[in-house]
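Below: one structure, written as structure tokens.
There are 2 protein chains.
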Amino acid sequence: MDELLSDGIKSTPPSFVRAILKAASDPDVTSFAGGLPNPISFPQEKLMESMQRVVAERGAEAFQYSATAGIPELRAWIAERYNHRFGTDYTEEDVLVTTGSQQVLDLLGKVLLDKGDGVIVEKPTYLAAIQAFALQQPVFREVELTDEGLNIDELNTALDAGAKMIYLIPNFQNPTGLTYTAENRAKVREALAGRNIVVVEDDPYGELRFEGESLPYIGGTALPHGVVMGSFSKTVTPGFRMGYLLTKDHELLAKLNTAKEAADLHTNVFAQFVVLDYLRHNDLDEHLVKIRDLYRDQAQAMTDAMAEFFPAEVSFTKPQGGMFLWATLPEGISTMDLFPKALERGVAFVPGDPFYAEPGARSTMRLNFTNADADTIRDGIRRLSEVIAAAL
Amino acid sequence: MDELLSDGIKSTPPSFVRAILKAASDPDVTSFAGGLPNPISFPQEKLMESMQRVVAERGAEAFQYSATAGIPELRAWIAERYNHRFGTDYTEEDVLVTTGSQQVLDLLGKVLLDKGDGVIVEKPTYLAAIQAFALQQPVFREVELTDEGLNIDELNTALDAGAKMIYLIPNFQNPTGLTYTAENRAKVREALAGRNIVVVEDDPYGELRFEGESLPYIGGTALPHGVVMGSFSKTVTPGFRMGYLLTKDHELLAKLNTAKEAADLHTNVFAQFVVLDYLRHNDLDEHLVKIRDLYRDQAQAMTDAMAEFFPAEVSFTKPQGGMFLWATLPEGISTMDLFPKALERGVAFVPGDPFYAEPGARSTMRLNFTNADADTIRDGIRRLSEVIAAAL
């Protein structure tokens, strides 16, 4: 079989996190390994009402083949939402509805990257972006992520080395929970201005800011090849697999549309009508307040417990939103080696390794705080701290 | 922008059919150009009942992230269905649920094809398969499709030239409506046996046979790298984008699973639960009888009208199922040139050109019969015959 496989799939890592999630699915394990939104974020009853209206009002149209770009009313709603939040001038013509925002990564990789092309990513970055881009066998150029945002010197070096795309997660980054400051965004924008590069900002958690003020995108409408990615996975439901991108670059968008059509023709149109109806009949902002209040408390419980229990040598981030935070152990301690020991003590996390384009043992770990109550979080962090202390 | 685009997307044709469908969407036009199932095939009320049960019984699980391969119960149902129909021994472990069967084409292209690799396709074949594979820049080796099935001499020549995959639509082929005979299937199987090649059989209309007996697959479980593709688009709803593949080749399946995860994590899980519930609470076979009866009458209306009105120089297929038939005009008459003239007479079809991997003007056309009643079909074919007659 091996000789039938493409070079692309041979260079694509299988999902490490899925393997970990399986190990951590034991009900006796407190898992900080997952990336699941809290079920409180799924407005099940309201979605059911929307389904009934969609069947009654749209009938067969909601079950038939549909346009590749997505239904116009939903695309217009998305454009309006961004215009309202950021003062942009997006229209429905700038929006492509996708099968989860994961699909945007797949489409961007296909449309932009040939073997050996450069793609700039944060160090560390979202592991499934590495996976999606790896199929095209690009050269990953990693740029250090600091508490402020990107390391500008490293960014310039990477840009000079050549890249067709830069992929960033500026808000409550996955995996680190870090948010780029306004100053850093301006510097990154300045470094990118005048460069011929597609600037992709992935923002699945942007609406889940529970501290501080929303900040403008680096590219968005401010740079000619700006692409903003969004998702309904963390605000309505991930099960529907509904994401989208916005871009004013219509030459790029036309190619993404062709790639989207070849990938799955269009996104589930019934789900599109249901989400649209839900958004029209309900106050999303009110719904988001509930999610933010919950996640703020859970994040606080986790950082409080870390401050109380973690050895002083361990540092950790304090996210202003999103679902994750990031702990850094003293260099030389492999969190991959730590994982089975933590599992024995009934607690799971994701070792840092898969979040780096460059393979190697890491002393970092990602912790999810959205799926356990405060007491469980405190108890899990306490047990984890004992495992860490024993390794120091 | 152009210098930022990948070679893959540059060699991928934008969808020609979508452009045609737009031209043909004028309500005054009788369109035989589409590929839409008749809305009678969407069990809307039953699906609504299933949605209510899914929300009541599954709750948050139906809205949360889920496993890449698809929900186990649905995979088991699909395996059982094929075992019942074909006497195979598939299990849920052999099934991957996908975002429409279009996604299977995308995944196969990624997992198997590098630039310059051979892929054998029918001449003509499904245009969106050409599109999906073209992203990988393979060499297409076309094998003539006859009334019996594949031209075996051409098949052997193509196999000798080298190919990693052969892609076939053995039942009521899109675009031709042709079905491989049992004898031809046996000969194709014999030609493929002992060759190291993935044998893909796309069968979206298999359950829509309105004449004759169901025939075994060429590969399926009979060849080591057999892959069978299926879909709920023509039997339940295309709007949900739910397809699947079955294969006993678990090394290949593991790679397809990795590619699926990188593409969209998993298929809409709510839709999976709804289709599963629908299949468990309703008699699919009873539902299929209605669809088959309708399509049989529509196909008959079209071939009757063609026999009555078409000039004798025009030949056409008589499908045993599916949604399309294929007309062949005398050589030298470009159906692409004919298209605007037909549109002026208020009738649309798809010219043959985009169904061939090799570009060039064709004298063939695809006609869909599932979306108009018998009188409309007869009248549309009469007008089309006048346009054809004028061009002879």
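Heads up: the sequence lines are chains L and Z, in that order.
Residues in the first sequence are numbered consecutively from 1, following UniProt numbering.
Residues in the second sequence are numbered consecutively from 1, following UniProt numbering.
Here a beta-carbon is modelled for each residue, glycine too, at the ideal position from N, C-alpha and C.
Buried versus exposed, by CB contacts within 10 Å (16 or more), Gly212/L
Gly212/L counts as exposed, since fewer than 16 other C-beta atoms from the protein chains shown sit within 10 angstroms of its C-beta.
Are the CB atoms of Ile120/L and Val143/L nearer to each other than 8 Å?
Result yes, Cβ atoms of Ile120/L and Val143/L sit closer than 8 Å.
Just curious, the alpha helix (DSSP H) that Gly8/Z is in, first and last residue?
Unbroken alpha helix (DSSP H) run through Gly8/Z: Asp7 to Lys10.
Where Ala254/Z and Thr12/L are concerned, what is the direct C-alpha to C-alpha distance, given to the nearest angstrom?
Spanning the two alpha carbons is a distance of roughly 12 Å.
Chain-ordered residues of the region 354-378 of chain L with a beta carbon less than 9 Å from chain Z:
Going along the region 354-378 of chain L in chain order, one finds no residue with a Cβ nearer than 9 Å to chain Z.
Using a beta-carbon distance cut-off of less than 8 Å, what residues from the region 263-292 of chain L approach chain Z?
Residues of the region 263-292 of chain L whose Cβ lies closer than 8 Å to any Cβ of chain Z, in chain order: Ala263, Asp264, Leu265, His266, Thr267, Asn268, Val269, Phe270 and Ala271.
Helix, strand or coil: which one does DSSP assign to Asn368/Z?
The three-state reading of DSSP puts Asn368/Z in strand, counting E and B together.
Just to confirm before moving on: does the CB-CB distance between Asp277/Z and Arg81/Z stay below 8 Å?
In this structure, Arg81/Z does not lie closer than 8 Å to Asp277/Z by Cβ.
Determine, using beta carbons only, whether Pro43/L and His287/L come nearer to each other than 8 Å.
Their beta carbons are under 8 Å apart, which means Pro43/L touches His287/L by this criterion.
Which chain L residues are close to Ala60/Z, counting only those with a beta carbon under 8 Å from its beta carbon?
Ordered by position in chain L, the residues that pass the 8 Å Cβ test against Ala60/Z are Pro39, Phe42 and Gln44.
Taking DSSP's pairing of strands, which residues face Val54/L in a bridge?
None, per the DSSP bridge assignment.
Any beta carbon from chain L within less than 8 Å of Lys164/Z's own beta carbon?
Chain L, which has a Cβ nearer than 8 Å to the Cβ of Lys164/Z, makes this yes.
Chain L contact for Ser15/Z (CB, 8 Å cutoff):
Yes, Ser15/Z lies at the interface with chain L (some Cβ there is under 8 Å from its Cβ).
Measure the alpha-carbon distance for Asn174/Z versus Gln137/L and round it to whole angstroms.
Distance between Asn174/Z and Gln137/L, taken at the CA atoms: about 33 Å.
Is it the case that the Cβ atoms of Val387/L and Leu338/L are separated by a distance below 8 Å?
Yes, Cβ-Cβ distance for Val387/L and Leu338/L is below 8 Å.
State the Cα-Cα distance for the pair Val199/Z and Glu154/L, rounded to the nearest angstrom.
If you take the alpha carbons of Val199/Z and Glu154/L, they lie about 47 Å apart.
Closest to Thr176/L by C-alpha separation, out of Gly8/L, Leu384/L and Thr125/L, would be which residue?
If we check each option's Cα against that of Thr176/L, Thr125/L comes out closest.
Mind checking Leu384/L: buried by the 16 CB within 10 Å criterion, or exposed?
Counting C-beta atoms within 10 angstroms of its own C-beta, Leu384/L has 16 or more neighbours from the protein chains shown and is therefore classed as buried.
In this structure, how does DSSP classify Tyr278/Z when only helix, strand and coil are distinguished?
Residue state, collapsed to three classes: helix.
Contact criterion: CB-CB distance below 8 Å. Does Asn83/Z meet it with respect to chain L?
No, its Cβ sits nowhere closer than 8 Å to a Cβ of chain L.
Is it right to say residue 400/L is buried, meaning 16 or more other beta carbons lie within 10 angstroms of its own, or is it exposed?
Any property of residue 400/L remains undetermined from this structure, which presents chain L solely from 1 to 392.
For Lys123/L, is the classification buried or exposed, using 16 other Cβ atoms within 10 angstroms of its Cβ as the cut-off for buried?
By the 10 Å Cβ count, Lys123/L comes out buried.
Closer than 8 Å, CB to CB, is Met51/L near chain C or not?
No chain C is part of this structure, whose protein chains are labelled L and Z.
Is it the case that the CB of Phe210/Z approaches a heavy atom of the ligand HEM more closely than 7 Å?
Absence of the ligand HEM is noted for the structure shown, with no ligands found whatsoever.
Show which residues of chain Z have a CB atom less than 9 Å away from the CB atom of Ala342/L.
Within chain Z, no C-beta atom comes less than 9 Å from the C-beta of Ala342/L; the nearest is roughly 22 Å away.
Use the C-beta contact count for Pro170/Z: other C-beta atoms within 10 angstroms, 16 or more gives buried, fewer gives exposed.
Label assigned to Pro170/Z: buried.
Can you tell me whether Leu392/L is buried or exposed? The criterion is at least 16 other CB atoms within 10 Å of its CB, across all chains shown.
Result: exposed.
Going straight from the alpha carbon of Leu107/L to that of Ala259/L, what length do you get?
The straight-line gap from Cα to Cα measures roughly 6 Å.
Near residue 393/L, what residues of its chain come up, given a Cβ to Cβ distance below 7 Å and the 5 sequence neighbours on each side ignored?
Nothing can be reported for residue 393/L: it is not among the residues displayed for chain L, which extend from 1 to 392.
If you count every other CB in all the chains shown that lies within 10 Å of the CB of Ser315/L, and 16 or more means buried, which is it?
When all chains shown are included, Ser315/L counts as exposed.
For Arg292/L: DSSP bridge partner residues:
DSSP lists no partner for Arg292/L.
Quick one, which of Pro354/Z, Ala374/Z and Glu358/Z has its alpha-carbon nearest Met365/Z's?
Measuring from the Cα of Met365/Z, the nearest candidate turns out to be Pro354/Z.
Let's test the definition: count the other Cβ atoms within 10 Å of the Cβ of His225/L and tell me whether it reaches 16, buried, or not, exposed.
His225/L counts as buried, since at least 16 other C-beta atoms from the protein chains shown sit within 10 angstroms of its C-beta.
C-beta neighbour in chain Z for Val97/L, strict 8 Å:
Not a single C-beta of chain Z is nearer than 8 Å to the C-beta of Val97/L.
What's the call for His250/Z, buried or exposed, on a 16-neighbour Cβ count within 10 Å?
Its Cβ having fewer than 16 others within 10 Å, His250/Z is exposed.
If I follow the unbroken beta strand (DSSP E) through Phe140/Z, where does it start and stop?
First-last of the beta strand (DSSP E) with Phe140/Z: Val139 to Glu144.
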